[in-house]
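Read the structure below first, then the notes.
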Amino acid sequence: SQTIHQWPATLVQPVGSPLSLECTVEGTSNPNLYWYRQAAGRGLQLLFYSIGIDQISSEVPQNLSASRPQDRQFILSSKKLLLSDSGFYLCAWRKLPILYGYTFGSGTRLTVV
Amino acid sequence: ELKVEQNPLFLSMQEGKNYTIYCNYSTTSDRLYWYRQDPGKSLESLFVLLSNGAVKQEGRLMASLDTKARLSTLHITAAVHDLSATYFCAVDEAAGAQKLVFGQGTRLTINP
């Protein structure tokens, strides 16, 4: 079966510390992968998307970066966190055929203190 | 640039009533998605609408898509408390990298 895993579920990090969030997909190959962020009480903002290994596009300028070292692994990173990086981070992948839509991971709630 | 707008953003209604959430988008697309989000949780897929005139129903929820008007609706029939959640519509950019652009969300509260 096709599943998406995201971890950790919750993270509290001090300002200026590094960040690494991981997302993996099982049961498919060459998926489109996405990172979204949701600020408290707000909508979803697309941060990065990837159509293949080492093919990553950034949607908004920020101190975050993304990498895709393997076909089914997508990593969100930061060298130095800011308070404004707090939020709910969601990884998603696009199932094929398209009639199945996009599926989201369980999310990581990041609080920068 | 694709923009997606929902209204209303907040909706408080009584159990047993009917209501509709509207989703407008700015560019040509025939792929629209509805999601539900409970507090503190991820997104749950409700409907995938892939053509003009598409209509899908699941329980008390029914979604439709009019690609010519660039409008989708989510209709709630005889609301029950369990439907309280935030509902998002999202549109897929059909060209290019095919990424989802979301509306602002509609926070629905259903009171007994």
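Just so you know, the protein sequences line up as chains A and B, in that order. Reminder that position 5 of the first sequence reads as 306 in our numbering, one-by-one numbering, no gaps. Reminder that position 20 of the second sequence reads as 24 in our numbering, one-by-one numbering, no gaps. In this text, a Cβ means the ideal position worked out from N, Cα and C, and glycines have one as well. If you're wondering where the values come from, they're calculated on a predicted model, not measured in any experiment.
>> Less than 7 Å between the C-beta atoms of Tyr37/B and Val52/B, yes or no?
In response: Here residue 37/B corresponds to residue number 33 of the second sequence, with the count starting at 1. Here residue 52/B corresponds to residue number 48 of the second sequence, with the count starting at 1. A contact, by the Cβ cut-off of 7 Å.
> Cα-Cα, which of Trp394/A, Ile399/A, Tyr401/A and Arg410/A is closest to Thr325/A?
Replying inline: Reading the first sequence from its first residue, position 24 is the one you call residue 325/A. Ranking Trp394/A, Ile399/A, Tyr401/A and Arg410/A by CA distance to the CA of Thr325/A puts Trp394/A first.
> Does the beta carbon of Lys7/B sit closer than 7 Å to a beta carbon anywhere in chain A?
Replying inline: For the purposes of this step, residue 7/B is identified with residue 3 of the second sequence, where counting begins at 1. So no, Lys7/B is outside the interface.
> Mind checking if Tyr350/A is an interface residue toward chain B, Cβ cutoff 7 Å exclusive?
Replying inline: Taking the first residue of the first sequence as position 1, residue 350/A is located at position 49. Yes, its Cβ sits closer than 7 Å to a Cβ of chain B.
> Quick one: Cα of Ala82/B to Cα of Leu15/B, how far?
Replying inline: Indexing the second sequence from 1 puts residue 82/B at position 78. Indexing the second sequence from 1 puts residue 15/B at position 11. Rounded to whole angstroms, Ala82/B to Leu15/B spans 15 Å at the Cα level.
> Considering only residues of the same chain and omitting the five flanking positions on each side of Ser318/A, which have a CB-CB separation below 6 Å?
Replying inline: Position 17 of the first sequence, counting from 1, holds the residue named residue 318/A. Counting only Cβ-Cβ distances below 6 Å, and skipping sequence neighbours, we find Leu382.
> If you run the structure through DSSP and keep just helix, strand and coil, what is Leu87/B?
Replying inline: The sequence position of residue 87/B within the second sequence is 83, counting from 1. In this structure, Leu87/B counts as helix in the three-state DSSP scheme.
>> Could you tell me the alpha carbon to alpha carbon distance between Lys396/A and Pro315/A, rounded to whole angstroms?
In response: To locate residue 396/A, count along the first sequence from 1; it is residue 95. To locate residue 315/A, count along the first sequence from 1; it is residue 14. The straight-line gap from Cα to Cα measures roughly 36 Å.
> Roughly how many angstroms lie between the CA atoms of Asp34/B and Val414/A, to the nearest whole one?
Replying inline: Residue mapping note: residue 34/B aligns to position 30 of the second sequence, counting from 1. Residue mapping note: residue 414/A aligns to position 113 of the first sequence, counting from 1. Each residue's CA atom was taken as its position, placing Asp34/B and Val414/A some 42 Å apart.
> In this structure, does DSSP put Ile354/A in helix, strand or coil?
Replying inline: The residue labelled residue 354/A in the question sits at position 53 within the first sequence. Coil.
>> I'd like the ranges of any beta strand (DSSP E) spanning at least 3 consecutive residues and lying wholly in the region 32-95 of chain B.
In response: 36-41, 47-53, 59-62, 65-70 and 75-80
> Taking 7 Å as the CB-CB limit, is Leu47/B close to chain A?
Replying inline: The sequence position of residue 47/B within the second sequence is 43, counting from 1. Taking Cβ atoms only, chain A reaches closer than 7 Å to Leu47/B, which makes this a yes.
> At a cut of 8 Å, does the region 73-81 of chain B reach the region 13-29 of chain B through at least three beta carbon pairs?
Replying inline: yes
> Hey, does Gly344/A have any beta-carbon neighbour from chain B nearer than 7 Å?
Replying inline: For this step, residue 344/A is matched to residue 43 along the first sequence. True, the Cβ-Cβ gap to chain B drops below 7 Å.
> Across which residues does DSSP place Tyr335/A in a beta bridge pair?
Replying inline: Working through the first sequence from its first residue, we reach residue 335/A at position 34. Answer is Tyr350/A and Ala393/A.
>> For the region 54-79 of chain B, list every residue whose C-beta sits within 7 Å of some C-beta in chain A, in sequence order.
In response: Those residues of the region 54-79 of chain B that come within reach of chain A (Cβ to Cβ, closer than 7 Å) are Leu54.
> By a C-beta neighbour count over all protein chains shown, 10 Å radius and 16 as the cutoff for buried, is Tyr401/A buried or exposed?
Replying inline: For the purposes of this step, residue 401/A is identified with residue 100 of the first sequence, where counting begins at 1. Tyr401/A counts as exposed, since fewer than 16 other C-beta atoms from the protein chains shown sit within 10 angstroms of its C-beta.
> In the DSSP assignment, what residue or residues form a beta bridge with Ser321/A?
Replying inline: Translated into the one-based positions of the first sequence, residue 321/A becomes position 20. In the DSSP output, where bridge partners are listed per residue, Ser321/A has Ser378/A.
> So with Cβ pairs under 7 Å, would you call Leu377/A a contact of chain B?
Replying inline: Residue numbering aside, residue 377/A sits at position 76 when the first sequence is read from its first letter. No, its Cβ sits nowhere closer than 7 Å to a Cβ of chain B.
>> For Lys103/B, would you say it is in contact with chain A, using Cβ-to-Cβ distances shorter than 7 Å as the test?
In response: Counted from its first residue, the second sequence places residue 103/B at position 99. Interface residue, yes.
>> Quick check on this structure: which residue in Leu322/A, Ala341/A, Tyr390/A and Gln374/A has the alpha carbon closest to the alpha carbon of Lys380/A?
In response: For the purposes of this step, residue 380/A is taken as residue 79 along the first sequence, with counting starting at 1. Nearest C-alpha to Lys380/A: Leu322/A.
> Buried or exposed: where does Gly107/B fall if 16 or more other Cβ atoms within 10 Å of its Cβ makes it buried?
Replying inline: The residue given as residue 107/B occupies position 103 in the second sequence. A residue is called buried when at least 16 other Cβ atoms come within 10 angstroms of its Cβ; Gly107/B meets this threshold and is buried.
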